[in-house]
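For reference, the structure is listed below as structure tokens.
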Amino acid sequence: MACSTRLPAILLPVLLWPLVAHPALTADAVDAYVASQMTAQHIPALAFAVVRDGVVVPAEARGLANVELNAPATGLTEFAIASMSKPVTASAIMLLAQDGQLSIDDAVRKYLPDIPDSWNPMTIRDLLAHTAGVKDHFSDSPLYPKLTTLDRHLVYTTDAYVQAHVDAPLNFAPGTDFSYSGGGYVLRSTGQIFNAKPGLIAVAGETVREFGRYN
8 MACSTRLPAI LLPVLLWPLV AHPALTADAV DAYVASQMTA QHIPALAFAV VRDGVVVPAE
68 ARGLANVELN APATGLTEFA IASMSKPVTA SAIMLLAQDG QLSIDDAVRK YLPDIPDSWN
128 PMTIRDLLAH TAGVKDHFSD SPLYPKLTTL DRHLVYTTDA YVQAHVDAPL NFAPGTDFSY
188 SGGGYVLRST GQIFNAKPGL IAVAGETVRE FGRYN
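Counting in the numbering used here, the sequence shown runs from 8 upward without gaps.
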């Protein structure tokens, strides 16, 4: 996917909890703790915020956005948020269902007509619940053969990424089993279902800001 300039997301709620739990929290204590964790875990860059009583105390970025170019991370650095996008995607789907613009029991074929016949029973509900049988994009379950046509270290266009999943055999018939699938969520978060109906919000790229602002 075309996101090579974005850094992996690093979240520190658990790491920062020992500090947040103490009322005597200081900026120096946060800085020292974050620095120690970045060193211990070999984290090149991160962004964090500490919220106390509904107020953001510090909110900072640390480290290098580009190690090769020695470019520092800032508040404007984009981080790839990985699976944090799943609840956003699911919420967007449910809002559209609430507004009557789709049903989570709609067949995926309604929005993606060029899928294999084996996908015919698959619904949006199956994609949401990881029961669609779609392979996980990078680290598939040990119970099923891996998706070998994608390398997590390479950059892919959205079309190539989606096509790799469509071309791969399903792990099981839709609705008959459960297996975690990031690929199933990408079929929605890249706008494949959202963009299939004119006027629906595509929760991808810049439009995610609009979605967050109004929802």
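No residue lacks a Cβ here, since even glycine has one placed at the ideal position from N, Cα and C.
Predicted model, so just to flag it, every value in this text is computed and none were measured.
Backbone secondary structure at residue i - three-state DSSP
| i | result |
| --- | --- |
| G182 | coil |
| L18 | Annotation note: pLDDT 45 at L18 (below 50); position unreliable, no value reported. |
| G107 | coil |
| G191 | helix |
| P223 | Because the chain here runs from 8 to 222, residue 223 falls outside it and cannot be looked at. |
| T46 | helix |
| L119 | coil |
| T197 | Reliability fails at T197, whose pLDDT of 49 lies under 50, so the model's placement of it is uncertain and the value that follows must be treated cautiously. Of the three classes helix, strand and coil, the one that applies to T197 here is coil, per DSSP. |
| V58 | strand |
Contact under 7 Å by Cβ, residue i with residue j
| i | j | result |
| --- | --- | --- |
| Y151 | N127 | no |
| D133 | G182 | yes |
| A56 | A42 | no |
| A72 | A52 | yes |
| D143 | S188 | yes |
| G191 | V115 | no |
| A78 | A68 | no |
| T138 | F185 | yes |
| L109 | L103 | yes |
Residue environment, residue i, which counts as buried when at least 16 other CB atoms sit within 10 Å
| i | result |
| --- | --- |
| Y168 | buried |
| T130 | buried |
| A54 | buried |
| S92 | buried |
| T84 | buried |
| E75 | exposed |
| A36 | exposed |
| V63 | exposed |
### Task
Decide if the region 166 to 178 is in contact with the region 109 to 126; the criterion is three or more beta carbon pairs, one per stretch, under 8 Å apart.
yes
### Query
Which runs of the alpha helix (DSSP H) fall wholly inside the region 136 to 176 and span at least 4 residues, in chain order?
With a minimum length of 4 residues, the continuous alpha helix (DSSP H) runs that stay inside the region 136 to 176 are 165 to 174.
### Message
Whether or not the region 151 to 164 and the region 96 to 103 are in contact is what I'm after, with contact meaning three or more pairs of Cβ atoms, one per stretch, closer than 8 Å; do they touch?
### Response
Counting Cβ pairs under 8 Å, fewer than three are found: no touch.
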